[in-house]
Each structure stands twice: as C-alpha cells, then as structure tokens.
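Engineer: I'd like to ask some things about the structure below.
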Amino acid sequence: MVNEEKLAQVGVVTPEELRELGTEAAFLKIRHLVDDGACLHLLYGLEGAIQDIPKRELTERRKAELRSFFKQLD
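Take the sequence shown: its position 63, counted from the start at 1, is 63 in the numbering used here, and no numbers get skipped.
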C-alpha cells in the first residue's frame with residue numbers, strides 16, 4: 001500500500017505510532033518530507049487507518065474538519 005510506504009519513510013511503521021502521532025501531524029510529515037503534493041484523499045486515508053475503517057466511512061463532520069485543515073495549508 002502506498003500510504004504505508006510513505007508512513008514508513010517518515011518513521012511511522014506501526015498502527016500505534018500512527019495513532020500517537022495523529023492524522024494531521026502524520027499528514028504534515030508526509031507532505032513535508034516525502035510527498036509535497038499529498039492530497040486530501042491521503043488525509044482521509046490516514047484518518048480511516050487510525051479509526052480502522054475505510055475512508056469512505058468517515059463521518060461527514062470529521063471529513064469537514066479534515067477539509068478545513070487541508071484548506072489552511074495552501
């Protein structure tokens with residue numbers, strides 16, 4: 001899985017490490033160190049991994065929070 005490879009490149013190799021770091025912080029690490037074009041779908045994917053659900057099952061509220069975070073980056 002591509003996301004797992006990107007996480008490993010920034011030193012996050014276990015689900016526990018991802019949960020401790022958090023979705024937004026993990027995304028920022030990937031964006032700054034590995035993939036400066038990381039998109040909103042990666043952000044959703046990270047959150048889905050933390051919650052242990054497919055990203056399509058994220059709540060609309062959480063998606064809105066993540067969209068807001070993503071928009072602030074540009």
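Think of the CB as a built atom: it goes at the ideal place given N, C-alpha and C, for glycine as much as any other residue.
All of these numbers come straight from a predicted model, not from anything done at the bench.
1) By DSSP, does residue 15 sit in helix, in strand, or in coil?
2) With DSSP as the reference, label residue 2 as helix, strand or coil.
3) Ignore the nearest five residues each way along the sequence and tell me which others in residue 43's own chain have a CB closer than 7 Å to its CB.
4) Keeping to the same chain, check which residues put their C-beta closer than 8 Å to that of residue 55; ignore five residues upstream and five downstream.
5) Should residue 73 be labelled buried (16 or more other beta-carbon atoms within 10 Å of its own) or exposed?
6) I'd like the list of long-range same chain contacts for residue 21, defined as Cβ closer than 8 Å, with 5 residues on each side in sequence excluded.
7) Taking buried to mean at least 16 other C-beta atoms within 10 Å of its own C-beta, is residue 8 buried or exposed?
Structural biologist: Let me spell this out:
1) Looking at residue 15 - three-state DSSP - the assignment turns out to be helix.
2) DSSP places residue 2 in helix when its eight states are reduced to three.
3) Within the same chain, Cβ atoms closer than 7 Å to the Cβ of residue 43 are found at 23, 27, 66 and 70, the five residues on either side in sequence being excluded.
4) Cβ neighbours of residue 55 beyond the five flanking positions: 41, 44, 45, 47 and 48.
5) Exposed is the call here.
6) Excluding positions up to five away in sequence, the list reads 12 and 29.
7) Its Cβ having fewer than 16 others within 10 Å, residue 8 is exposed.
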